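Engineer: One structure, pasted below without further comment.
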Amino acid sequence: MSQRSLVLLKPDAVRRGLIGEIIRRIEAKAGWTITALELRSLDRGTLETHYAEHAGKPFYEPLLEFMVSGPAVVMIVEGERVIEGLRALAGPTDPVAAAPGSIRGDFGTIVRENLIHASDSAESAERELKIFFPSHA
Ligand code: RTP
Ligand code: MG
272 MSQRSLVLLK
282 PDAVRRGLIG
292 EIIRRIEAKA
302 GWTITALELR
312 SLDRGTLETH
322 YAEHAGKPFY
332 EPLLEFMVSG
342 PAVVMIVEGE
352 RVIEGLRALA
362 GPTDPVAAAP
372 GSIRGDFGTI
382 VRENLIHASD
392 SAESAERELK
402 IFFPSHA
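Residue 272 is where the sequence shown starts when you use the working numbering, and the numbers rise one by one after that.
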């Protein structure tokens, strides 16, 4: 079943020069295609909408501060079971708990600075695509 996912390479990934490595892993998956891609400085309002489910949690403000700390790569990835597949490729939220071989498991140590966001469900993908790519939604 072909799906679309909204992917962010977070500011830590850009700062550390990991854009190419992460995109290589995504492109290597059979049948997946990047259909939109932009280096973009995200504004706070966009991030408040994107991360609305976390408003009020202790990590919310530091998360927003981190996400505006430098440019991110914003992408649409399309393909077979791409939502579940990208979550698996990324690994769990805490990079230290993430298995080696996953993006977070190979490159992360800090929960907040965990390199990548990928939509967690078809409903989230629809919502997030409208936020980041209104012309593609
Ligand atoms: P994301 O939404 O970015 O794809 O990540 P996720 O689903 O794996 O994690 P989520 O629970 O939605 O949390 C969103 C992002 O907030 C940061 N975070 N920091 N305890 C903490 O310091 C903490 N918990 C979460 C991470 O950047 C996480 O990806
Ligand atoms: Mg999430």
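Ideal placement from N, C-alpha and C gives every residue a C-beta, glycine not left out.
Nothing here was measured: the structure is a model prediction, and the numbers come from that model.
By a C-beta neighbour count over all protein chains shown, 10 Å radius and 16 as the cutoff for buried, is Arg286 buried or exposed?
Structural biologist: As a working mapping, residue 286 is identified with position 15 in the sequence shown. Exposed.
Engineer: With respect to the alpha helix (DSSP H) encompassing Ser395, which residues constitute its N-terminal and C-terminal limits?
Structural biologist: The residue labelled residue 395 in the question sits at position 124 within the sequence shown. Its alpha helix (DSSP H) spans residues Ala393 to Phe403.
Engineer: Within the present structure, is the beta-carbon of Glu384 separated from the nearest heavy atom of the ligand RTP by less than 8 angstroms?
Structural biologist: The residue given as residue 384 occupies position 113 in the sequence shown. It does: the Cβ of Glu384 is within 8 angstroms (strictly closer) of some heavy atom of the ligand RTP.
Engineer: How would you call Asp283, buried or exposed, if buried means at least 16 neighbouring beta carbons within 10 angstroms?
Structural biologist: Locating residue 283 in the sequence shown gives position 12, where the first residue counts as 1. So Asp283 ends up on the buried side.
Engineer: Going by C-alpha to C-alpha distance, which of Asp391, Ala389, Pro363 and Ser392 sits closest to Gly379?
Structural biologist: Locating residue 379 in the sequence shown gives position 108, counting from the first residue. Answer by Cα proximity: Pro363.
Engineer: Does Ala389 come out as helix, strand or coil in the three-state DSSP assignment?
Structural biologist: The sequence position of residue 389 within the sequence shown is 118, counting from 1. If DSSP states are grouped into helix, strand and coil, Ala389 belongs with the strands.
Engineer: With distances taken Cα to Cα, identify the nearest neighbour of Ser395 among Ala408, Thr304, Asn385 and Ile297.
Structural biologist: If you number the sequence shown from 1, residue 395 lands on position 124. Selected option, being the one with the closest Cα: Ala408.
Engineer: Where does Gly327 sit, in a helix, a strand or coil, going by DSSP?
Structural biologist: What you label residue 327 is simply residue 56 of the sequence shown in a count that begins at 1. Correct three-state label for Gly327: coil.
Engineer: In whole angstroms, what is the alpha-carbon distance linking Val353 and Thr306?
Structural biologist: The sequence position of residue 353 within the sequence shown is 82, counting from 1. The sequence position of residue 306 within the sequence shown is 35, counting from 1. Their Cα atoms are separated by approximately 13 angstroms.
Engineer: Give a yes or no on contact between the region 380–393 and the region 324–341, applying the rule of three or more CB pairs nearer than 8 angstroms.
Structural biologist: With a cut-off of 8 angstroms, the region 324–341 and the region 380–393 count as touching, because enough Cβ pairs lie within range.
Engineer: Taking Cβ positions, are Ala389 and Leu360 nearer each other than 9 angstroms?
Structural biologist: The residue labelled residue 389 in the question sits at position 118 within the sequence shown. The residue labelled residue 360 in the question sits at position 89 within the sequence shown. In contact: Ala389 and Leu360 (Cβ atoms closer than 9 angstroms).
Engineer: Bridge partners of Ser273, per DSSP?
Structural biologist: Position 2 of the sequence shown, counting from 1, holds the residue named residue 273. Ser273 pairs with Glu351.
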